[in-house]
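Taking my numbering, the leading residue of the sequence shown gets 324, the next gets one more, and so forth.
Heads up: the structure comes next, in structure tokens.
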Amino acid sequence: MRARTSPFLVALAATALAACSGGGGGTSSPAPSPPLAAAGLVSGPSPFAAGCGGTNGTLYVNAEVEPSLAVNPANPSHLLAMWQQDRWSNGSARGLVSAVSFDGGATWTRQAMAFSRCGGGTAANGGDYDRATDPWVSFGPDGTAWAMSLSTTGPDNAMLVSRSSDGGRSWGNAVALIAETTPYFNDKNAITADPLDARFAYAAWDRLADPGGGPAYFARTVNAGASWEAARAIFDPGANAQTIGNLVVVLANGTLVNVATRIDGTQSGPRSASVIALRSTDRGATWSAPVTIASHLAIGARDPETGTTIRDGAIIPSAAAGPGGSLHVAWQDSRFSGGARDGIAYSRSLDGGLTWSAPVRVNPDPAVTAFTPNVHVLADGTVGVAYFDLRDNTADAATLPTGYFLARSLDGTTWTETRLAAAFDLATAPNANGLFLGDYMGIAGSGSAFLSLFARTTGDLANRNDVFLARAAPGAAATLQGKAVSTEGAWPRAWVAQAAAPFEVDSAWAARVDAAIARALAARGRAAPPR
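This is the structure in structure tokens:
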């Protein structure tokens with residue numbers, strides 16, 4: 324692995340890229356400083372009692388992972404966050420913790436969520452489970468807050484939803500949208516409040532059978548949570564296939580689009596994956612057949628020196644709606660390097676998800692692995708994609724310096740970058756079948772600023788991860804809690820996103836994709852689709 328790139332070389336490479344893409348001439352003016360981002364601590368010490376949650380596996384007390392973020396559309400200063408608290412090595416966490424802010428993230432009030440026994444869950448309030456994972460939050464147009472969890476006790480698993488009528492200050496009992504045990508496992512959930520009608524909220528996930536496939540499952544409320552319709556399959560890819568990462572996005576005209584990764588098995592060859600979209604024009608009553616956005620060619624991230632697996636978001640796409648019926652999707656993909664390393668792929672639809680642009684790479688440095696993208700679109704159409712990459716890494720095998728960045732574009736073609744986190748040592752993250760910060764991070768918008776809620780390591784093995792909020796405004800960021808992120812190593816100039824060169828996936832490349840699929844699903848405690 325190469326040593327850390329100097330700002331001069333970064334600027335030189337960016338100038339060369341701009342020239343090759345028609346963006347510059349023979350002489351260029353000095354590169355402007357990249358915009359700053361200000362970051363503030365959101366998480367705190369574990370609120371859970373010592374010894375709660377059992378003893379099966381390695382427990383990382385005080386380690387927070389996989390945060391979700393929502394902004395009240397009626398009040399941009401009202402933020403809601405939730406994350407896994409005290410991660411286990413072998414699946415899930417002792418519980419989930421939420422935090423609410425009414426001053427744009429300057430101060431937060433945290434509370435344990437009753438999605439597990441450690442968080443106060445009981446048979447009476449619906450949260451009588453050992454562990455919880457996959458936190459997701461959303462706001463309705465009236466400020467109603469929603470939270471969702473995958474909660475488990477051994478093989479017992481449930482998709483739980485809770486509602487808050489006071490913006491996240493307090494929460495109602497957990498409602499089980501589905502509760503099952505072997506041979507079924509319900510996984511990788513998301514909840515979306517309809518931004519146009521407070522009566523509707525939508526939950527989506529994959530329901531795996533062992534042996535068998537994993538259909539996309541869906542449930543909705545049409546009466547603001549007074550009741551939920553029975554969960555049902557909205558797409559079944561077949562016995563040797565599954566979906567994962569299902570996420571419902573609501574377009575400006577009310578059309579729902581469920582974006583997911585489809586994984587297909589074969590009898591003899593490697594498994595393959597694709598990014599798909601399903602549409603509903605009647606608020607989820609009926610759904611279209613899937614539209615394929617693109618093939619999915621992630622090979623997963625590793626420490627370049629040691630080969631240690633980074634448990635990333637390799638098979639989890641991110642999606643967001645934009646103005647005018649546009650839809651934007653980002654995912655990890657190795658097509659831009661001929662299968663050598665993952666970059667961040669981006670595609671958009673301008674017709675409500677019917678047709679899609681060819682994927683382009685939006686992370687500016689093609690020489691390093693980038694992973695776990697999350698996309699959001701501001702009201703003015705500005706697209707933001709946050710991601711981790713390894714440009715900060717050095718040849719020191721004992722550490723893995725990692726950075727967090729935001730790529731931003733008004734047109735989906737020309738992008739600029741903001742550093743969201745100074746380099747941190749990913750090698751000290753909890754090991755949950757790989758160095759783990761989360762399958763996803765939180766991203767939202769407030770006016771002209773992007774808000775990014777992310778987990779990073781601290782250097783303290785008794786408190787391995789914390790959750791931070793970064794606010795990135797155009798040009799220069801506002802200061803949050805008086806802390807600003809250094810621009811060192813950030814890409815200093817705008818660049819034009821590049822499509823992949825023509826390629827053909829050979830057997831070795833297909834095998835790497837297959838191995839990444841198997842590794843990602845095994846990390847979640849699930850067997851990959853058979854082959």
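Backbone N, C-alpha and C define an ideal beta-carbon position, used for all residues, glycine too.
Should residue i go down as buried or exposed, given a rule of 16 or more other Cβ atoms within 10 Å for buried?
{"i": "R440", "result": "buried"}
{"i": "T504", "result": "exposed"}
{"i": "L784", "result": "exposed"}
{"i": "L677", "result": "exposed"}
{"i": "G765", "result": "buried"}
{"i": "R835", "result": "buried"}
{"i": "S660", "result": "buried"}
{"i": "S830", "result": "exposed"}
{"i": "M471", "result": "buried"}
{"i": "A404", "result": "buried"}
{"i": "E827", "result": "exposed"}
{"i": "S672", "result": "buried"}
{"i": "D605", "result": "exposed"}
{"i": "N480", "result": "buried"}
{"i": "G675", "result": "buried"}
{"i": "A553", "result": "exposed"}
{"i": "G374", "result": "exposed"}
{"i": "A617", "result": "buried"}
{"i": "R842", "result": "buried"}
{"i": "L844", "result": "buried"}
{"i": "D510", "result": "buried"}
{"i": "I840", "result": "buried"}
{"i": "T741", "result": "buried"}
Have a look at the DSSP bridge pairing and note the partners of residue i.
{"i": "M405", "result": "S391, S421"}
{"i": "V790", "result": "A778"}
{"i": "R664", "result": "Paired residue(s): none; R664 is not in a bridge."}
{"i": "Y710", "result": "F728"}
{"i": "R625", "result": "T632"}
{"i": "T475", "result": "R454, N480"}
{"i": "I586", "result": "Q565, A596"}
{"i": "D656", "result": "G666"}
{"i": "F558", "result": "A539"}
{"i": "L579", "result": "V573, S603"}
Determine the contact status of residue i and residue j, defining contact as a CB-CB distance below 7 Å.
{"i": "V571", "j": "A527", "result": "yes"}
{"i": "Q565", "j": "G607", "result": "no"}
{"i": "R602", "j": "S611", "result": "yes"}
{"i": "G427", "j": "S400", "result": "yes"}
{"i": "A752", "j": "L729", "result": "no"}
{"i": "V460", "j": "S550", "result": "no"}
{"i": "G757", "j": "A846", "result": "yes"}
{"i": "D837", "j": "P593", "result": "yes"}
{"i": "L382", "j": "V394", "result": "no"}
{"i": "V598", "j": "P560", "result": "no"}
{"i": "V706", "j": "A642", "result": "no"}
{"i": "A468", "j": "L483", "result": "no"}
What residue does the beta strand (DSSP E) around residue i start on, and which one ends it?
{"i": "A455", "result": "454-462"}
{"i": "A435", "result": "432-435"}
{"i": "V808", "result": "Neither: V808 is in no beta strand (DSSP E) and is coded neither H nor E."}
{"i": "A617", "result": "614-619"}
{"i": "A532", "result": "524-532"}
{"i": "Y763", "result": "From DSSP, Y763 is part of no beta strand (DSSP E); its letter is neither H nor E."}
{"i": "N512", "result": "507-516"}
{"i": "P696", "result": "693-700"}
Tell me where the alpha helix (DSSP H) around residue i begins and ends.
{"i": "W738", "result": "Here W738 belongs to no alpha helix (DSSP H); instead the beta strand (DSSP E) covers 737-748."}
{"i": "I840", "result": "830-846"}
Exercise. Decide if the stretch 672-690 is in contact with the stretch 819-829; the criterion is three or more beta carbon pairs, one per stretch, under 8 Å apart.
Key: yes
Quiz item: Do the stretch 491-498 and the stretch 506-517 touch if we need at least three Cβ pairs shorter than 8 Å?
Solution: no
Quiz item: With a cut-off of 8 Å, do at least 3 Cβ pairs link the stretch 383-390 to the stretch 447-455?
Solution: no
Quiz prompt | Cβ pair count under 8 Å reaching 3, the stretch 786-795 against the stretch 758-772 | solution = yes
Self-check item: contact_flag[the stretch 626-641, the stretch 696-706] where n(CB pairs < 8 Å) is 3 or more
Solution: yes
Self-check item: Three CB pairs or more closer than 8 Å across the stretch 413-423 and the stretch 367-382
Solution: yes
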